[in-house]
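S.K.: Quick mapping for you: the protein sequence lines, in order, are chains A and B. The first sequence begins at 1 in the numbering used here and counts up one residue at a time. The second sequence begins at 1 in the numbering used here and counts up one residue at a time. C-beta: ideal position from N, C-alpha, C; glycine also. Just so we're clear, the structure is a prediction, and the values are computed from it rather than from any experiment. For reference, the structure I am asking about is given below.
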Amino acid sequence: GAVVSQHPSWVICKSGTSVKIECRSLDFQATTMFWYRQFPKQSLMLMATSNEGSKATYEQGVEKDKFLINHASLTLSTLTVTSAHPEDSSFYICSASGATSIDNEQFFGPGTRLTVL
Amino acid sequence: AQSVTQLGSHVSVSEGALVLLRCNYSSSVPPYLFWYVQYPNQGLQLLLKYTTGATLVKGINGFEAEFKKSETSFHLTKPSAHMSDAAEYFCAVSPNFGNEKLTFGTGTRLTIIP
Chain A
1 GAVVSQHPSW VICKSGTSVK IECRSLDFQA TTMFWYRQFP KQSLMLMATS NEGSKATYEQ
61 GVEKDKFLIN HASLTLSTLT VTSAHPEDSS FYICSASGAT SIDNEQFFGP GTRLTVL
Chain B
1 AQSVTQLGSH VSVSEGALVL LRCNYSSSVP PYLFWYVQYP NQGLQLLLKY TTGATLVKGI
61 NGFEAEFKKS ETSFHLTKPS AHMSDAAEYF CAVSPNFGNE KLTFGTGTRL TIIP
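Right, here's the structure in full:
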């Protein structure tokens, strides 16, 4: 199946700093990418949906100015957590789907664990 | 609105025994249903999906699930557990397949006892 990578796999940062997480589709063109957040022992919660070249669509309750999403190319989307605080510590997972995906299946990255001190 | 409930955050079975992971859903429209597996430090991998047609769906690694509309259930089963099945399993629902939003359950961690 298609491969999606995320970088970094884990990151620790100080409160008030910004962190960028990359999501790449390695062997297909991702027309749509999704960003999820997962707290311990909880569901994956969709944060936003991004289409290449368009502004991301955020779910209700997700701060657009805090979680900046850019999908500038068909193989790369980035999530920037601005002015991070300890409550932003979580596991962030992206997924990608493309026009050539079978039945538009979503392919998931391995996730990025963010810890804000 | 849609929601998914996975009964049992942890399930342990002996190697060779039946695996049964429970999933119930709530959906205001006909659902598409999915099971994903997540191995440590890896992404979610699609095990199987139900869209339309046959209600018994077969997936990879010997897993299957049956869509029961009357019970709003989509339980995952495997006749004989293998050590390699130890992982986290997520049930998910969407109103349409693919680019539509997935709503996930809280996950079930499956442990295989040698």
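Within 10 Å of its beta-carbon, does Gly-111 of chain A have 16 or more other beta-carbons around it, so buried, or fewer, so exposed?
M.R.: Its Cβ being crowded by 16 or more others within 10 Å, Gly-111 of chain A is buried.
S.K.: Spatial neighbours of Phe-91 of chain A within its chain, please: C-beta separation below 6 Å, excluding the five flanking residues on both sides.
M.R.: Here the set comprises Gln-38, Gly-111, Arg-113.
S.K.: Touch check for the region 40-50 of chain A and the region 14-31 of chain B: three-plus C-beta pairs under 8 Å?
M.R.: At 8 Å Cβ cutoff, the stretches do not touch.
S.K.: Within a Cβ cutoff of 6 Å, which residues of the same chain sit near Pro-80 of chain B, ignoring the five residues on either side of it in sequence?
M.R.: Looking at the sequence provided, one finds Ser at residue 80 of chain B rather than Pro. The residues are Gly-16.
S.K.: Do Ala-2 of chain A and Thr-75 of chain A have their CB atoms nearer than 8 Å?
M.R.: Going by C-beta atoms, Ala-2 of chain A is not nearer than 8 Å to Thr-75 of chain A.
S.K.: When you compare the CB of Gly-43 of chain B with every CB in chain A, is at least one pair closer than 8 Å?
M.R.: True, the Cβ-Cβ gap to chain A drops below 8 Å.
S.K.: If Gly-109 of chain A and Ser-95 of chain A are in contact, beta carbons under 8 Å, what's the gap, nearest whole angstrom?
M.R.: Correct: roughly 7 Å between the Cβ atoms.
S.K.: Would you mind giving the Cβ-Cβ distance between Lys-64 of chain A and Tyr-58 of chain A, rounded to the nearest angstrom? I have them listed as a contact below 8 Å.
M.R.: About 5 Å separates the two Cβ atoms, so the contact holds.
S.K.: Which chain E residues are close to Gly-105 of chain B, counting only those with a beta carbon under 7 Å from its beta carbon?
M.R.: No chain E appears in the structure shown, which is made up of the protein chains A and B.
S.K.: Any beta-carbon of chain B closer than 8 Å to the one on Glu-63 of chain A?
M.R.: Not one chain B Cβ lies under 8 Å of Glu-63 of chain A.
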